[in-house]
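What follows is a set of notes on a single structure, which appears directly below.
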Amino acid sequence: MTRTFVVGLDGGSWLLAEPWIDAGLLPNLERLRETGSYATSRSCLPPVTYPNWKCYSSGKNPGKHGVFWWERIDLADERIDIMSGTDYDTAELWDYLNADGQRTGVVNMPSMYPPRDLDGYVVSGGPDAVEGEYRSLEGGYTAPAEFEDELRERYDYSVHPDPLLSSNEERGAEVEEILRLLELRLEVARDLFVEEDLPFVHVTLFYLNVLHHFFWDEEPTKRAWQLVDEWLGELADLEDTNLVVMSDHGAAPTTTEFYINEWLARNGYLTRETGVEDYFQKVGLTRERALDVAKRFGLVDVLARTVPEGIQELVPQSAGAKRERKMELVVPGETKALASGQGPIYVNPAFDVESVREDLIADLEAVTDENGDPLFAGVYRAEEVYDGPYVDIGPDVVVDQRPGVHVNDGMGRRVVQTRPDRWAAENTPTGIFVANGPDIANRGDLGEIDIRDIAPTILASHGVDTPTDVDGEVLDIFHEAPDVGTQEPIDPDRAGGDGDDEEVADRLKELGYME
943 MTRTFVVGLD GGSWLLAEPW IDAGLLPNLE RLRETGSYAT SRSCLPPVTY
993 PNWKCYSSGK NPGKHGVFWW ERIDLADERI DIMSGTDYDT AELWDYLNAD
1043 GQRTGVVNMP SMYPPRDLDG YVVSGGPDAV EGEYRSLEGG YTAPAEFEDE
1093 LRERYDYSVH PDPLLSSNEE RGAEVEEILR LLELRLEVAR DLFVEEDLPF
1143 VHVTLFYLNV LHHFFWDEEP TKRAWQLVDE WLGELADLED TNLVVMSDHG
1193 AAPTTTEFYI NEWLARNGYL TRETGVEDYF QKVGLTRERA LDVAKRFGLV
1243 DVLARTVPEG IQELVPQSAG AKRERKMELV VPGETKALAS GQGPIYVNPA
1293 FDVESVREDL IADLEAVTDE NGDPLFAGVY RAEEVYDGPY VDIGPDVVVD
1343 QRPGVHVNDG MGRRVVQTRP DRWAAENTPT GIFVANGPDI ANRGDLGEID
1393 IRDIAPTILA SHGVDTPTDV DGEVLDIFHE APDVGTQEPI DPDRAGGDGD
1443 DEEVADRLKE LGYME
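The numbering of the sequence shown is the working numbering, which starts it at 943 and goes up by one.
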């Protein structure tokens, strides 16, 4: 049977890659497209790492696996919960491969921390695999547990880069460390695939999208894509291997920051309190400035270990307060709606939800930029974009931010629209998909597929029936259509213990995801 090697490029976008393909800078990716099948892959909304890596691996929308973004807002209970890998309620494509007797390797996949036992190997990665603020995870990130000893001794493996990239100005050691780790991920995945003779391996290159966010198409990002392209050439030469290159979402250069909670406040949907963040903002004390000083004097680790977490959380980002601090800055009984970044908005059930949603959608659809163009590609009721048993705990309204727009949920800056604050590029719903190998026909450009199609397609290529609860369909990319049917879903494997949601939030703040 032909094996499968999946390279997951976090934030991979044809908008970014095609100019480099046309210039001859990514010859291996170009060859894979010319001799195989490729497409634009549409993500679930919002187009973010959480939830879209799991939308890929499960073949389901967030309404079926239970995680809609990095956080979940509950205005009725006046709380904001940070999501971790244990909050997803779904089996994944590797579970079905294992059930069929096929061993698997999953390397650096966001949403896989804490690691859970598979018939094969798991190496946790992404911003949710953390030990504490500004510190990389030192242990407990592999299954089997003893595999991390080999990673450390053989590869000098790290879950996160050190020093961590946290600014558009940092183009030296921070970039070099990301490039080193991208190569390590690929090397580990390749060695597992070859040495362990695994039928399936997936590797995610998460920090590629961090480069997109801070640099877009500038030199650090181009170097990373050329590194990936060299590896694609090597992986394409593996015998009896279908190579799949895909992304969780796309990216585009940021032109506008839209502070959605400030807009909600100005338009009568949110009532604000005054908090300590407001005073810090007035004197210019922000987390970015504090981190910059700490890095220059080599005090990051010292401060992270000695300054109480509660004190650190009071210092706002330049964009304002985020995550749980947002709840501290609103009057819940007077607040009709509160938003997360990049799309989800939660309506307070103490009000008439349908009436609030109707008004909110109409008002958001009317929002324009400085040129008079709509800021959103669409504004939807949750049930228009989600279905499944978890829709009721998800957001009530979801905005599809137009390419170039970053919906920022920071509170305290007291502005609604600005030029880009921190990110040079923002996520979009249009990612990439390429398949090439012995089983793959030369179909060329397939147009647009759904990210949820990838899991059932991979399962079919391994002779595994499609689970009846998935949303996706098997893509027509094979020389011969796989002889597969359907099967009952596997009960989700919840092994691996509980993650620390506070630590997840810390890493998200460092990278700018929760700023």
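Beta carbons are placed, not taken as given, at the ideal position from N, Cα and C, and that holds for glycine. These numbers come from a predicted model, not from an experiment.
Length of the line joining the Cα atoms of residue i and residue j
i, j, result
"D1418", "P1274", "50 Å"
"Y1221", "L1128", "A caution first: Y1221 carries a pLDDT of 45, below 50, which makes its placement in the model unreliable, though a value can still be read off. Cα-Cα distance, rounded: 46 Å."
"E1344", "V1309", "The sequence given here has Arg at residue 1344, not Glu. Cα to Cα, the separation comes out at about 12 Å."
"F1239", "T1370", "Confidence at F1239 is low in this model, with a pLDDT of 49, below 50, so its placement is unreliable and the value that follows should be read with caution. If you take the alpha carbons of F1239 and T1370, they lie about 37 Å apart."
"W1167", "A1115", "18 Å"
"P1362", "H1348", "8 Å"
"E1181", "E1119", "31 Å"
"L1185", "D1381", "10 Å"
"G1067", "L1126", "12 Å"
"V1117", "Y1099", "16 Å"
"L951", "I1400", "17 Å"
"T977", "D1407", "27 Å"
"G1379", "V1152", "30 Å"
"D1042", "A1131", "21 Å"
"R1299", "V1289", "7 Å"
"E1137", "G1047", "12 Å"
"T1032", "N1313", "43 Å"
"D1159", "V1009", "30 Å"
"N1110", "S1297", "42 Å"
"P1169", "D1104", "One detail in the question is off: residue 1169 reads as Leu in this sequence, not Pro. So the alpha carbons of these two residues sit roughly 20 Å apart."
"H1102", "A1304", "42 Å"
"D1440", "G1081", "Its pLDDT being 39, under 50, D1440 is placed unreliably in this model, and the value from its coordinates should be taken loosely. Taking the straight line from one Cα to the other gives about 15 Å."
"P961", "E1215", "47 Å"
"N1040", "F1089", "19 Å"
"V1333", "Y1149", "30 Å"
"A1319", "R1385", "30 Å"
"D1023", "G966", "46 Å"
"H1191", "N1003", "14 Å"
"L1017", "P1069", "26 Å"
"G1175", "L1124", "16 Å"
"W1011", "N1050", "19 Å"
Burial state of residue i (16 or more Cβ within 10 Å)
i, result
"G1210", "exposed"
"I1015", "buried"
"P1331", "exposed"
"M1054", "buried"
"G1389", "exposed"
"Y1076", "In this prediction, Y1076 scores a pLDDT of 41, lower than 50, which makes its location untrustworthy; the coordinate-derived value is nonetheless stated afterwards. So Y1076 ends up on the buried side."
"T1277", "buried"
"R984", "buried"
"S1000", "buried"
"D1433", "exposed"
"I1335", "exposed"
"P1086", "exposed"
"A1383", "exposed"
"A1367", "buried"
"R1208", "exposed"
Contact under 8 Å by Cβ, residue i with residue j
i, j, result
"R945", "T1146", "no"
"F1142", "H1421", "no"
"I1396", "Y992", "no"
"A981", "I1391", "yes"
"Y1030", "P1057", "no"
"G1414", "S1189", "no"
"L918", "A1279", "Outside the shown range of the chain, which is 943 to 1457, sits residue 918, and nothing can be said about it."
"M1353", "G1262", "yes"
"A1324", "L957", "no"
"V1412", "P1398", "yes"
"E1092", "R1265", "no"
"Y1322", "G1005", "no"
Residue nearest to residue i in terms of C-alpha spacing, selected from the options
i, options, result
"T1196", "I1391, D1311, Y1083, D1294", "D1311"
"W1365", "E1199, V1101, A1292, G1005", "E1199"
"T1410", "V1416, Q1429, R1394", "Q1429"
"V1187", "L968, M943, A1377, P1424", "A1377"
"F1375", "R975, P961, P969", "R975"
"E1204", "F1135, F1156, S1282", "S1282"
"F947", "D1387, W1173, D1338", "W1173"
"M1269", "L1212, L1123, H1154", "L1212"
"Q1044", "L971, T1360, L1140, L1106", "L1140"
"N970", "H1144, A1178, P989", "A1178"
"T1372", "L1121, S979, I1287, N994", "N994"
"T1360", "L1106, I1202, R1267", "I1202"
"S1108", "V990, H1154, D1329", "H1154"
"G1346", "P989, V1327, D1019, A1402", "P989"
"E1307", "D1329, V1339, Y1328", "V1339"
CB contact below 8 Å: residue i versus chain D
i, result
"M1188", "The structure shown contains no chain D; it holds only a single protein chain."
Q. So does the region 1051-1061 actually touch the region 1025-1036, counting three or more Cβ pairs closer than 8 Å?
A. yes
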